[in-house]
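>
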Amino acid sequence: MSPIISDRQQRILALVVQDYVDTAQPVGSLALVRRHGLSVSAATVRNELAALEDLGYLMHPHTSAGRVPTVSGYRYFVEHLMRRAELRHRERRTIRHQFHQAGLDPERWLKLSAAVMARTSGVAGLVVAQPDPDRERERYHAGLVQILYQPEFADNDRLRSVVELLEHGRGLDPIARRLPPDGVQVIIGGEPPLEQVPYMTLVLSRFGLPETSGVLGVVGPTRLAYERAVPAVGFMARLMTRLMAGEAV
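The sequence shown begins at 1169 in the working numbering and counts up one residue at a time.
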């Protein structure tokens, strides 16, 4: 069970996650007060940041006076603080129009799904599925170039682990087998089964019919825009399921 934190601490934790996602820089108390117009002093915010660090939700990089979220901090944000919003109506309408233009070609749907999720989330989109029951499962991905711009993947070994997952599905099958039949799952780096890759997060969902089922989602850093990625994956899973069932979207 997560330690209980106050309403103010929840607000500050959410702002730290938001600012760190946006800037990739440790977040300090004075910056929080100025950026968000908080009604408390920087000293008060500093004390709350220290308390959140003691609880394990934030950490203090040695080279900075600011804080960054820990794995537990991201998990608390996803489970308790993240807004459960849908994609904007205009985005949903644009995506549906793109799929209408793709016609009745399942392979084009799968490729387009990966591209849409990459564009919407700002990281890499991934789809693993059978285009039809007579073919082997195939992988489709998009957005690798966006991964190259993430500071977490400046290290060659880290970048290689993402490329191997996208290109070859390395490590993905055991995760996919454990996914529930519906709903979006957020698998944060550092948590099982991603203990060895604490810099990478997966947001995944099943979709389709039993005979043509698949898994889709996004791959990015733990410093992920969860409020964009989760609704994007959920919307695409529902849309693809309807398409596979022959329903109008």
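Every residue, glycine too, gets a C-beta built ideally from N, C-alpha and C.
Between residue 1365 and the rest of its own chain, which residues show a CB-CB distance below 7 Å, the 5 nearest in sequence each way excluded?
Correct list, in chain order: 1329 and 1357.
> Please check the pair residue 1194 and residue 1236, which I expect to be a contact at CB under 8 Å, by giving their CB distance rounded to whole angstroms.
Right, the Cβ-Cβ distance comes to about 5 Å (below 8 Å), so this counts as a contact.
> Among 1314, 1415 and 1229, whose alpha-carbon lies nearest the alpha-carbon of residue 1292?
The shortest C-alpha separation from residue 1292 is found at 1314.
> Which of helix, strand or coil does DSSP assign to residue 1213?
Looking at residue 1213 - three-state DSSP - the assignment turns out to be helix.
> Could you check the C-alpha separation between residue 1384 and residue 1258 for me, to the nearest Å?
Residue 1384 and residue 1258: Cα-Cα distance of roughly 22 Å.
> Let me check understanding here. Comparing Cα to Cα, which of 1252, 1277 and 1253 lies closest to residue 1264?
Of the candidates 1252, 1277 and 1253, the one whose C-alpha sits nearest the C-alpha of residue 1264 is 1277.
> What do you reckon, are the CB atoms on residue 1181 and residue 1244 nearer than 8 Å?
Yes, Cβ-Cβ distance for residue 1181 and residue 1244 is below 8 Å.
> Three or more beta-carbon pairs under 8 Å between the region 1272-1286 and the region 1307-1323, yes or no?
Enough Cβ pairs lie closer than 8 Å, so yes.
> Do the CB positions of residue 1344 and residue 1371 come within less than 8 Å of each other?
Cβ atoms of residue 1344 and residue 1371: not closer than 8 Å.
> Since residue 1351 contacts residue 1373 with CB under 8 Å, what's their CB separation in whole angstroms?
With a Cβ gap of about 7 Å, residue 1351 and residue 1373 count as contacting.
> Exposed or buried, residue 1288, counting other C-beta atoms within 10 Å across all chains shown (16 or more means buried)?
That one is buried.
> Bridge partners of residue 1386, per DSSP?
For residue 1386, which the question treats as bridged, DSSP gives the partners 1293 and 1371.
> Alpha carbon to alpha carbon, what distance is there between residue 1229 and residue 1221?
The straight-line gap from Cα to Cα measures roughly 11 Å.
> Rounding to the nearest angstrom, what Cα-Cα distance links residue 1413 and residue 1406 in this structure?
Rounded to the nearest angstrom, the two C-alpha atoms are 11 Å apart.
> My output table needs one value for residue 1229: the three-state DSSP class, helix, strand or coil.
In the structure shown, residue 1229 sits in coil (DSSP, three-state: anything other than H, G, I, E or B).
> Check whether the Cβ atoms of residue 1219 and residue 1177 lie closer than 8 Å to each other.
The answer is yes: Cβ separation under 8 Å.
> If you check the beta carbons only, do residue 1189 and residue 1316 fall under 8 Å apart?
Not closer than 8 Å, so no.
> Report the residue from 1201, 1409, 1395 and 1213 whose alpha carbon sits nearest the alpha carbon of residue 1248.
If we check each option's Cα against that of residue 1248, 1395 comes out closest.
> Using a Cβ-Cβ distance under 8 Å, would residue 1265 count as near chain C?
No chain C appears in this structure, which consists of one protein chain only.
> On the three-state DSSP scale, how would you describe residue 1418?
With the chain covering 1169 to 1417 only, the question about residue 1418 has no answer from this structure.
> So, using beta-carbon positions, are residue 1404 and residue 1285 closer together than 8 Å?
Cβ atoms of residue 1404 and residue 1285: closer than 8 Å.
> Counting only the same chain and skipping the five closest in sequence on each side, list residues whose C-beta sits under 6 Å from that of residue 1210.
If we look at residue 1210 and ignore the five residues flanking it on each side, its Cβ neighbours are 1197, 1198 and 1201.
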